[in-house]
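Undergrad:
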Amino acid sequence: MHLHYIRIMKTLSELKDELELSPVQTMLLANTGSMTVLLEALFGPVSVQTESQKILDADSETARVLEISEGETVNRRIVRLVAGERVLVHATSVAPLSRLNPEFKEDIMKRDIPIGRIMEAHRIESRREILGYDWQTAKARFAEIFSKPAGSIVLKRNYNIIHNKQPLINILEVFPYEMAK
Numbered sequence: 009m010h011l012h013y014i015r016i017m018k019t020l021s022e023l024k025d026e027l028e029l030s031p032v033q034t035m036l037l038a039n040t041g042s043m044t045v046l047l048e049a050l051f052g053p054v055s056v057q058t059e060s061q062k063i064l065d066a067d068s069e070t071a072r073v074l075e076i077s078e079g080e081t082v083n084r085r086i087v088r089l090v091a092g093e094r095v096l097v098h099a100t101s102v103a104p105l106s107r108l109n110p111e112f113k114e115d116i117m118k119r120d121i122p123i124g125r126i127m128e129a130h131r132i133e134s135r136r137e138i139l140g141y142d143w144q145t146a147k148a149r150f151a152e153i154f155s156k157p158a159g160s161i162v163l164k165r166n167y168n169i170i171h172n173k174q175p176l177i178n179i180l181e182v183f184p185y186e187m188a189k
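Numbering (my numbering), first residue to last: 9 to 189.
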């Protein structure tokens, strides 16, 4: 498993130099609170569809980003945040198992619930530290996920959820540019 997307991220200012962003797009990218709450304010009820969830050993890049040892066991969860039939966000999260309490670990690994809601249910105080932003043209996979033509623009943001002064979870979120113009 490799978090290669970390090295190519830009600042929000750099991204704005490359793409025209609406106020709503900027708000979605710069948000340091719950993405689900923001999406529900814009699009109505949001549900989680889990694509995959695997236990893996952290490679050097993952270890660096999460401030753990290479080879440490992590949970990788890939989900879609959906409103009705519309996929709003594709998200990949990686969390070191050693930092998850048993109840939180069970919920994150076995339930289709947004991470923010799981953290709220377990009263986990945290902050989000944005690592960077980017965009790309949608290849076949993202075009299919978002029901957009190949070559459409998707926006990306990467951040760590910090708890007890350590990264608890690293998240990459991808969403269609047109979603919030």
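A virtual CB, placed ideally from N, CA and C, is assigned to each residue, including glycine.
#1: Can you tell me which residues form a DSSP beta bridge with V82?
#2: I'd like the list of long-range same chain contacts for F150, defined as Cβ closer than 6 Å, with 5 residues on each side in sequence excluded.
#3: Are the Cβ atoms of E142 and M35 separated by less than 8 Å?
#4: Which value, in whole angstroms, describes the spacing of the CA atoms of V56 and D120?
#5: Can you say whether T145 is buried or exposed, counting buried as having 16 or more other CB atoms within 10 angstroms of its CB?
#6: Ordered along the chain, which non-local residues of its own chain (more than five positions away) have a Cβ less than 8 Å from that of R135?
#7: In chain order, what residues of the same chain have a beta carbon less than 6 Å from the beta carbon of R88, not counting five sequence neighbours either side?
#8: Where S106 and L176 are concerned, what is the direct C-alpha to C-alpha distance, given to the nearest angstrom?
#9: Mind checking R192: buried by the 16 CB within 10 Å criterion, or exposed?
#10: Relative to the C-alpha of N178, which candidate in K189, T100, P157 has its C-alpha closest?
TA: On the basis of the data shown:
#1: L64, P104
#2: V162
#3: With the sequence shown as reference, residue 142 is identified as Asp, and Glu is not the correct amino acid for it. Contact: no.
#4: 5 Å
#5: exposed
#6: T40, I169, I170
#7: Q57, V95, H98
#8: 9 Å
#9: Outside the displayed span of the chain (9 to 189) sits residue 192, for which this structure offers no information.
#10: T100
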